[in-house]
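S.K.: Below is the structure I would like to discuss, written out as structure tokens.
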Amino acid sequence: MKNLVKVIAAVAVLLCAAGLQANAGEMNVLVNKLVEKGILTPYEGQIILAEAKEEAAMDLALGKASTAPSWTQKIKLKGDVRFRTQTDWGKGNNTDNGTRIDPAHFRLRQRVRARIGLEGKVNDQVAAGVLFVTGGRDPRSTNETLDDNFATQDVRFDQYYIKWMPEVPQEIGDATVWFGKFKNPFNKTELLWDSDINPQGTAFQYMSKTFELGDVPTNIYANVGWLLIDEERRTDYGDPSLWAYQGGIKADVIKDWDATINCSATFWDFDHIQHNSQYNQGDVVSGSNTNTYLVGQHNRQWRHDYDLVDFVIRYDAKYLFDWHFGHGVYTDLIWNADAGTRDFGWMIGAYIGDKKPKKPGQWKLWFNWRYLEQDAVPDFLPDSDFYGFVRDNNNPNGYTPGSPRAGGTNGQGINFGLQYAIFKNTLLCAEYYYSYPISVNAGQPNGYKEPWQLLQLDIKTKF
572 MKNLVKVIAA VAVLLCAAGL QANAGEMNVL VNKLVEKGIL TPYEGQIILA EAKEEAAMDL
632 ALGKASTAPS WTQKIKLKGD VRFRTQTDWG KGNNTDNGTR IDPAHFRLRQ RVRARIGLEG
692 KVNDQVAAGV LFVTGGRDPR STNETLDDNF ATQDVRFDQY YIKWMPEVPQ EIGDATVWFG
752 KFKNPFNKTE LLWDSDINPQ GTAFQYMSKT FELGDVPTNI YANVGWLLID EERRTDYGDP
812 SLWAYQGGIK ADVIKDWDAT INCSATFWDF DHIQHNSQYN QGDVVSGSNT NTYLVGQHNR
872 QWRHDYDLVD FVIRYDAKYL FDWHFGHGVY TDLIWNADAG TRDFGWMIGA YIGDKKPKKP
932 GQWKLWFNWR YLEQDAVPDF LPDSDFYGFV RDNNNPNGYT PGSPRAGGTN GQGINFGLQY
992 AIFKNTLLCA EYYYSYPISV NAGQPNGYKE PWQLLQLDIK TKF
């Protein structure tokens, strides 16, 4: 009989969970009374409380909570803040009558980044979202340098999108369509795409239902995008844009290691790039002037068209034999079919530890090598922390051959770093870059091949 009473009491508490979730104190009082009466043991009371909280949290996440306002259940809020100490040194942009680059250039900065995003569920198939970030108009940087006598910093929209998730039969898979300015939906690396860039236009994503390839659980996927780069505002050339076509396969190759492999092939078709202006008067100079040429005094135009063939392979695992030891390797090969020469780029990297450290004590150590020839990719896209180098000497604006340009091309070198989670979602990070030119103008002294180095020390938090 007592066991029956316990069951009835437990069911009553769980049924009340939704109604009492807004006031956790009332739930605790109810359970404590049952414990005092001897109907429940303290241990049983704790189990019931834990189950009630878990059920209430699940209902809230699914938008089924009975007491919370409906609009609060349809909105997701997330954000992060990063504080950075950054030092870069090596050859600078300073010249001695245009003939020598100062190798002693040194810069030390304190920089902050903040991002906050909102996504609202409009209905069962449609969601919309925005992301606010610090930083100016540079699409590859959301950093604000601490300067200007405690001046307040800018905050801008970096994402604004509509996301449609059409109802697709389960036997086919899942699909998502993006409209606006959104997170990058493609499998890619920083050899081509800086992680801060949010492309704009329209994109489609498809992921198949999991199927067995032999004994290996496998998915195939496809990503397609029409991404708008600029409005040229001229009649002789069309608007620069990017058509992207990607197909890939994911497979759980070693079940005991929780290991997966992800392989993709992408064709990046840039339209109306060659001979178009790098930027319009008054626009942001997002390129690095490493693969353009000068027309007149100040008008830089793209030297080549860009039809890129891109292969990316990733391997990730959480275990190694019987040890919980995360590790992974990745590579990216890029070839520009339109350049003719200086048209190749590649990257290879590896890591050990947790792929995305979050919990206290988790860590990650990584390393990669990059090689990016001058005309392999448009220079407004690659990682802005990894430097490229000017090669041509036909620029009267001070771009001396061999001088470093943030995020440009004609560069090679290493990048490695360490992350460690000191608290939940709070990381310490140290990252180092070492890069130098692949080629310089014939006849220039070896000093133009000197390296550029960058060190970043971060404190990162997420919520």
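All you need for our numbering is the position in the sequence shown, starting with 1, plus 571.
A virtual CB, placed ideally from N, CA and C, is assigned to each residue, including glycine.
#1: Taking the beta carbon of W839 as the centre, do at least 16 other beta carbons fall within 10 Å, making it buried, or is it exposed?
#2: Could you check what DSSP says for L952 in three-state terms: helix, strand or coil?
#3: Under 8 Å by Cβ, that's how I've got Q724 and E738 pegged, so tell me the actual separation to the nearest angstrom.
#4: Roughly how many angstroms separate the alpha carbons of I1030 and L999, rounded to a whole number?
#5: With respect to the beta strand (DSSP E) encompassing M778, which residues constitute its N-terminal and C-terminal limits?
#6: Measure the beta-carbon distance from P811 to D801 and round it to whole angstroms, keeping in mind my assumption that it falls under 8 Å.
#7: Nearest to L952 by alpha carbon, out of L879, V683, P972?
#8: Taking only the alpha-carbon atoms, compute the straight-line gap between N534 and I825 and give it to the nearest angstrom.
#9: Which residues bound the beta strand (DSSP E) around Q983?
#10: Using a Cβ-Cβ cut-off of 6 Å (strictly less than) and excluding sequence neighbours within five positions of T837, which residues of its own chain qualify?
#11: Using 8 Å as the Cβ pair cut-off and three pairs as the minimum, do the segment 933-944 and the segment 912-922 touch?
#12: Taking DSSP as the reference, what is the three-state secondary structure of D709?
#13: Which residues in the same chain as F1036 place their Cβ atom closer than 6 Å to its Cβ, once the five residues preceding and following it in sequence are excluded?
#14: Leaving out five residues before and five after G924 in sequence, what residues of the same chain have Cβ atoms less than 6 Å from its Cβ?
#15: Quick check on F1034: buried or exposed, where buried means 16 or more other Cβ atoms within 10 Å of its Cβ?
#16: I think R684 touches T705, with their Cβ atoms under 8 Å apart; what is that distance to the nearest whole Å?
#17: Less than 6 Å between C-beta atoms, sequence neighbours within five positions excluded: which residues of the same chain meet that for K647?
#18: At a cut of 8 Å, does the segment 768-781 reach the segment 744-753 through at least three beta carbon pairs?
#19: Can the beta-carbon of T781 be found less than 8 Å from the beta-carbon of I820?
#20: Enumerate in chain order the residues of its own chain whose CB-to-CB distance from S1010 is below 7 Å, with the five nearest sequence positions on each side excluded.
#21: What does the Cβ neighbour count give for K759, buried or exposed, with the cut at 16 atoms within 10 Å?
#22: Any idea if K927 is buried or exposed, counting beta-carbon neighbours within 10 angstroms, 16 or more meaning buried?
#23: With distances taken Cα to Cα, identify the nearest neighbour of K645 among L1028, S1006, V693, D842.
#24: Assuming P1022 and Y1007 are in contact, meaning their beta carbons sit under 8 Å apart, how far apart are those beta carbons, in whole angstroms?
#25: Check this for me: beta carbons of N847 and W873, under 8 Å apart or not?
#26: Buried or exposed: which applies to E761, given that a residue is buried once 16 or more other Cβ atoms fall within 10 Å of its Cβ?
#27: Which value, in whole angstroms, describes the spacing of the CA atoms of G785 and I618?
#28: In chain order, what residues of the same chain have a beta carbon less than 6 Å from the beta carbon of Q852, not counting five sequence neighbours either side?
#29: Would you kindly work out how many angstroms separate the C-alpha atoms of Y731 and F703, rounded to a whole number?
#30: Just mark K995 as buried or exposed, buried being the case when its beta carbon has 16 or more other beta carbons within 10 Å.
#31: Pick out whichever of F775, I733, G650 has its Cα sitting closest to the Cα of T747.
#32: Out of S974, Q983, G932, state which residue places its alpha-carbon closest to the alpha-carbon of E989.
#33: By DSSP's criteria, H898 is part of a beta bridge. Which residues make up the other side?
#34: In chain order, what residues of the same chain have a beta carbon less than 7 Å from the beta carbon of F677, not counting five sequence neighbours either side?
#35: Does DSSP put Q617 in a helix, in a strand, or in coil?
#36: Measuring only the C-alpha atoms, how far is D876 from F960?
M.R.: Here's the rundown:
#1: It is buried - the Cβ of W839 has at least 16 other Cβ atoms within 10 Å.
#2: coil
#3: Their Cβ separation, rounded to whole angstroms, is 43 Å, which puts Q724 and E738 out of contact at 8 Å.
#4: Straight-line measurement puts the Cα of L999 at about 5 Å from the Cα of I1030.
#5: 771-779
#6: Rounded, the Cβ-Cβ distance is 5 Å, consistent with contact.
#7: L879
#8: Because the chain here runs from 572 to 1034, residue 534 falls outside it and cannot be looked at.
#9: 982-994
#10: Q817, D881
#11: yes
#12: Three-state result, D709: coil.
#13: Not covered by the structure: residue 1036. The range shown for the chain is 572 to 1034.
#14: Excluding residues within five positions, the ones whose Cβ falls inside 6 Å are G897, W934, K935, L936.
#15: exposed
#16: About 6 Å separates the two Cβ atoms, so the contact holds.
#17: E690
#18: yes
#19: no
#20: Excluding sequence neighbours, S1010 sits near R962, N981.
#21: buried
#22: exposed
#23: V693
#24: 4 Å
#25: yes
#26: buried
#27: 43 Å
#28: Reliability fails at Q852, whose pLDDT of 37 lies under 50, so the model's placement of it is uncertain and the value that follows must be treated cautiously. No residues qualify anywhere along the chain.
#29: 9 Å
#30: With fewer than 16 other Cβ atoms inside 10 Å of its own Cβ, K995 counts as exposed.
#31: F775
#32: Before going further, note that residue 989 is Leu rather than Glu in the sequence given. For L989, the nearest C-alpha among the options comes from G932.
#33: A888, I923
#34: W660
#35: helix
#36: 20 Å
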